[in-house]
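J.: Dumping the structure here so I can ask a few things about it.
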Amino acid sequence: MAKRKMILDLDTGVDDALAIAYALADPEVDLIGIVSSYGNNLLDVCAENSLKLLELLGHTDIPVFKGLPHSCTTDHFDVMQVSKDIHGDNGIGDVELPAPSRALEEQSGVDFYIEAAHKYGKDLIIIPTGPMTNLAAALKKDPEIADLIGNVTFMGGALTVEGNVTPVAEANINQDPKAADEVMKSNLPLTMVGLDVTLRTLLTKNETKQWRELGTASGKVFADITDFYIDAYYNLDIDKRGCALHDPLAVGVGIDPSFVSTISLFMKVVYQEGPYYGQTIGDNAKLNDPNPNVKVAVNVDKKRYLKAFMDRLNKLFKEN
Numbered sequence: 164m165a166k167r168k169m170i171l172d173l174d175t176g177v178d179d180a181l182a183i184a185y186a187l188a189d190p191e192v193d194l195i196g197i198v199s200s201y202g203n204n205l206l207d208v209c210a211e212n213s214l215k216l217l218e219l220l221g222h223t224d225i226p227v228f229k230g231l232p233h234s235c236t237t238d239h240f241d242v243m244q245v246s247k248d249i250h251g252d253n254g255i256g257d258v259e260l261p262a263p264s265r266a267l268e269e270q271s272g273v274d275f276y277i278e279a280a281h282k283y284g285k286d287l288i289i290i291p292t293g294p295m296t297n298l299a300a301a302l303k304k305d306p307e308i309a310d311l312i313g314n315v316t317f318m319g320g321a322l323t324v325e326g327n328v329t330p331v332a333e334a335n336i337n338q339d340p341k342a343a344d345e346v347m348k349s350n351l352p353l354t355m356v357g358l359d360v361t362l363r364t365l366l367t368k369n370e371t372k373q374w375r376e377l378g379t380a381s382g383k384v385f386a387d388i389t390d391f392y393i394d395a396y397y398n399l400d401i402d403k404r405g406c407a408l409h410d411p412l413a414v415g416v417g418i419d420p421s422f423v424s425t426i427s428l429f430m431k432v433v434y435q436e437g438p439y440y441g442q443t444i445g446d447n448a449k450l451n452d453p454n455p456n457v458k459v460a461v462n463v464d465k466k467r468y469l470k471a472f473m474d475r476l477n478k479l480f481k482e483n
């Protein structure tokens with residue numbers, strides 16, 4: 164067993180599925196649980212997707228918890244059409260998987276965060292790849308965990324590039340900018356893996372062909388799911404060269420920070436309505452304060468990361 168423990172916080176769509184595979188495949192960490200969120204689809208759909216994928220990959224031992232179903236400032240959540248266009252109506256490229264043989268955990272995702280923080284302390288890595296609603300709720304319920312958790316490496320935000328839902332806002336942050344602001348302004352040690360680096364880290368059908376040629380169930384499913392995603396990037400003119408490895412890059416950086424170069428800042432998120440809603444930006448009020456808590460990834464060793472990604476996933480899919 165690895166010393167370091169990882170919790171994924173997922174709105175399980177296609178790149179979240181790849182994040183699950185990476186976390187399972189890397190021997191440096193033990194994936195101890197998945198906390199589900201809304202975002203790429205409704206909470207219940209995302210949670211069931213995680214159960215299905217874990218079963219496909221032979222890991223029914225890993226618990227899946229339900230998080231919160233909508234942002235901290237709203238009373239409901241509606242899936243955006245663009246999310247369906249990119250991830251499919253079911254969140255996983257419209258690939259149909261068998262219904263899971265087990266249920267979600269009865270414990271809430273928020274309580275699981277708190278329990279794990281007290282149990283594992285600095286050995287705990289949390290990887291949120293959707294909105295920050297669950298983590299912000301856990302901090303509110305038990306502020307002490309901010310000083311216990313080893314690292315939170317999140318996929319979200321954009322600092323040196325434009326956003327992907329507005330000129331300034333990235334999708335995950337935009338789902339619940341108030342929660343993201345609360346997380347950014349906490350004492351948590353944070354690493355932001357945003358569009359600055361994820362849009363440089365592309366996967367093509369040359370790679371998914373390798374998975375298909377393994378001749379295994381998981382290789383075929385993940386190739387089908389990811390090809391849907393690659394086609395969506397092409398057809399929607401997001402990027403015609405391939406699909407961005409948003410969420411699995413955050414997992415990789417959480418385990419091996421040397422994949423990226425960073426700058427250290429105190430960050431904030433604009434959550435007041437207006438043209439800058441959802442923007443992740445440095446906090447002017449703290450420019451001269453020592454020891455910033457957020458490392459913002461601004462460049463990535465994409466060649467080395469892609470090799471690590473493919474080596475790990477090829478091995479995992481070959482065995483399942």
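Numbering follows this note's numbering, with no gaps: position 144 of the sequence shown is 307. Virtual Cβ for every residue (Gly too), placed ideally from N, Cα, C.
Excluding sequence positions up to five away, which residues of its chain have a Cβ less than 8 Å from the Cβ of A186?
T.: Excluding sequence neighbours, A186 sits near M169, L171, V192, L194, I290, V414.
J.: Going by CA-CA distance only, name the one from L412, Q338, Y434 that's closest to R467.
T.: Among L412, Q338, Y434, the Cα nearest to that of R467 is on L412.
J.: Using 10 angstroms around the beta-carbon of H239, count the other beta-carbons present and answer buried if the total reaches 16, otherwise exposed.
T.: H239 comes out exposed.
J.: Would you mind listing the beta strand (DSSP E) stretches within the region 336-381 that are 3+ residues and don't spill past its ends, in chain order?
T.: Listed in chain order, they are 353-356.
J.: Considering only the alpha carbon of each residue, which of Y434, T316, L206, Q270 lies closest to D174?
T.: Residue L206 is the option with its Cα nearest to D174.
J.: Check this for me: beta carbons of T502 and V432, under 8 Å apart or not?
T.: No statement about residue 502 is possible, as the shown extent of the chain runs from 164 to 483 and does not include it.
J.: Flag V457 as yes if its beta-carbon sits less than 8 Å from any beta-carbon of chain D, otherwise no.
T.: The structure shown has no chain D; it contains just one protein chain.
J.: Between F480, G405, D474, D359, which lies nearest to V423 when the distance is taken from Cα to Cα?
T.: The candidate whose alpha carbon is nearest that of V423 is D359.
J.: Would you kindly check if the distance between the Cβ of H409 and the Cβ of D189 is under 8 Å?
T.: Taking 8 Å as the Cβ cut-off, D189 and H409 do not qualify as a contacting pair.
J.: Using C-beta distances below 6 Å, list every residue in its chain close to G176, excluding the 5 sequence neighbours before and after it, in chain order.
T.: The residues are N203, H250, G254.
J.: Could you give the distance in angstroms between the alpha-carbon of L216 and the alpha-carbon of I225?
T.: The straight-line gap from Cα to Cα measures roughly 11 Å.
J.: If we count Cβ pairs, one from each stretch, closer than 8 Å, do we get three or more for the region 226-235 versus the region 332-341?
T.: A contact exists between the region 226-235 and the region 332-341.
J.: Taking 7 Å as the limit between beta carbons, can you name the residues of its chain near G382, skipping five residues before and five after?
T.: Correct list, in chain order: W374, R375, F480.
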